[in-house]
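Undergrad:
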Amino acid sequence: MNVMDKRSEILQLIPEQGVLPLYFYKDTAVSIDVLRALYNAGIRAVEYTNRGEAALKNFAAMRAVCDAELKGMYLGVGTIKNAASAQQFIDAGADYLISPGLVEDAITVADKNAVLWVPGCMTPSEIIRAEQLGAKLVKLFPGNILGPGFMSAIKELFPNLLFMPTGGVEMDKGNISGWFKAGVCAVGMGSKLITKTLLENKDYDTITSATKDVIAMVAEVKAGR
């Protein structure tokens, strides 16, 4: 698969999946087992967040597991705030980069390496700049501050962009439905889905079943949209 196909495939996969799970955990083995739990639920695109000293080491180990046994899994990295970390994770095999803001030097690195980048935006000005720089998918962050009303208000201004809220999206059909009705293509879900308690208890079965529930909820919402 050439690089352009890979970027296009991820941009097609995330809306089809409808939910992008995201997490970080300091322990490498737990990080890998959560990845397997998500895969077993049917997830094929994940964001591992760059939020601790172990993130890069864990990511490299997760990449190896994806390549060896999780066929079709795209492994992205989140919380990319500068060019240096963008390059480190690309070198470690990141399929795509996600940032909490509009990080222009990281975008340059991603483009140079033909890797998909997803900027975080909170204002129309940031979204306009992201579009000018070539963004195809924009993360609305923090989603709980912006709310579905913001998405509804700006959607018609950006007919060629895909949007995904992250931060505060609830495990609740009403909340998820509100976002999709407003026009998002997917929702990012972190600690509401992969909770601290589940991670600490290594409760992978519950992570799998909760993820299946969210996938089903999103499918229902999209079907009735």
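Each residue of the sequence shown is one higher than the one before, counting from 1068 in our numbering. A virtual CB, placed ideally from N, CA and C, is assigned to each residue, including glycine. No experiment lies behind these values; they were computed from the predicted model shown.
Based on Cα-Cα distance, which residue from D1178, A1135, I1165, D1094 lies nearest to K1206?
TA: I1165
Undergrad: Report the residue ranges of all alpha helix (DSSP H) runs contained in full by the stretch 1132–1182; include only those spanning at least 4 residues, in chain order.
TA: 1150–1158, 1171–1179
Undergrad: Can you find the residues in the same chain that come closer than 7 Å, C-beta to C-beta, to A1197, ignoring five residues on each side of it along the sequence?
TA: L1169, P1186, C1188, V1205
Undergrad: Starting from F1247 and walking both ways along the alpha helix (DSSP H), at which residues does that stretch end?
TA: Start and end: 1240–1249.
Undergrad: Can you tell me whether V1236 is helix, strand or coil according to DSSP?
TA: coil
Undergrad: Applying the criterion that 16 or more other CB atoms from any shown protein chain within 10 Å of the CB defines a buried residue, is S1258 buried or exposed?
TA: Counting Cβ neighbours within 10 Å, S1258 comes out exposed, since fewer than 16 surround it.
Undergrad: Expressed to the nearest angstrom, what Euclidean distance is found between the alpha-carbon atoms of E1114 and L1102?
TA: 10 Å
Undergrad: Can you check whether the CB of Y1106 is closer than 7 Å to the CB of L1137?
TA: yes
Undergrad: Check whether the stretch 1214–1229 touches the stretch 1175–1183, taking contact to mean three or more Cβ pairs, one atom from each stretch, closer than 8 Å.
TA: Touching, no.
Undergrad: Could you spell out the range, first to last residue, of the alpha helix (DSSP H) harbouring Y1106?
TA: Segment 1095–1107, the alpha helix (DSSP H) holding Y1106.
Undergrad: Go ahead and pull the three-state DSSP assignment for M1256.
TA: strand
Undergrad: Between the alpha carbons of V1176 and N1149, how many angstroms are there, rounded?
TA: 9 Å
Undergrad: When the distance is taken between beta carbons, is V1254 closer than 7 Å to P1232?
TA: Yes, they are a contact pair.
Undergrad: Which of the three DSSP states is assigned to E1120 in this structure?
TA: coil
Undergrad: According to DSSP, is L1089 helix, strand or coil?
TA: Here L1089 sits in strand by DSSP.
Undergrad: Have a look at Q1084 and D1134 and give me their C-alpha separation to the nearest angstrom.
TA: 20 Å
Undergrad: Considering Cα atoms alone, identify which of R1111, I1077, T1095 is closest to T1275.
TA: R1111
Undergrad: Going by C-alpha to C-alpha distance, which of E1076, G1250, I1099, G1119 sits closest to Y1271?
TA: I1099
Undergrad: Return the residue from the list I1157, L1265, G1210 that minimises the CA-CA distance to T1278.
TA: Closest in alpha carbon position to T1278, among I1157, L1265, G1210, is L1265.
Undergrad: Could you have a look at L1224 and say whether DSSP puts it in helix, strand or coil?
TA: helix
Undergrad: Classify L1224: buried if its beta carbon has 16 or more other beta carbons within 10 angstroms, exposed otherwise.
TA: exposed
Undergrad: Pull up the distance between the alpha-carbon of Q1079 and that of A1151, whole angstroms please.
TA: 28 Å
Undergrad: Please determine, among R1130, A1104, K1248, the residue with the shortest C-alpha to C-alpha distance to V1285.
TA: Out of R1130, A1104, K1248, the CA that lies nearest to the CA of V1285 is found in K1248.
Undergrad: Output the distance between the C-alpha atoms of L1260 and I1243, rounded to the nearest integer angstrom.
TA: 13 Å
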